[in-house]
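For reference, the structure is listed below as structure tokens.
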Amino acid sequence: MLPRMTIGNWLFWAIMLWIGFNFFWLRFVESVLPQWVGAILATIAAAALFKYGPRPFEEEEE
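Each position in the sequence shown, counted from 1, maps to that position plus 101 in the working numbering.
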């Protein structure tokens, strides 16, 4: 399970995921499918991480 992250962490890891996914795509998949397909999939994955990433704990007030 991922640790709780702030918005800056989500943005950083979304960008790193996008770059890493595209490097992986260029190395292993580009001979079969064009790079723009990989860029679209990387953008979807980064957006999903940014939207659904672990949220910080919220303090409950009593």
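For glycine and all other residues, C-beta sits at the position ideal for the given N, C-alpha and C. All figures in this text were calculated on a predicted structure; none of them were measured in a lab.
Only exposed fits L127, as fewer than 16 other CB atoms lie within 10 angstroms of its CB. The C-beta distance from W111 to G154 rounds to 5 Å, short enough to meet the 8 Å contact threshold.
Contact check for A146 and F122: beta-carbon distance about 6 Å, within the 8 Å limit, so the pair qualifies.
Excluding five sequence positions before and after M106, the CB atoms of its chain that fall closer than 6 Å to its own CB belong to G154 and P155, given in chain order.
Secondary structure note for V130: it is in no alpha helix (DSSP H), with a DSSP letter that is neither H nor E.
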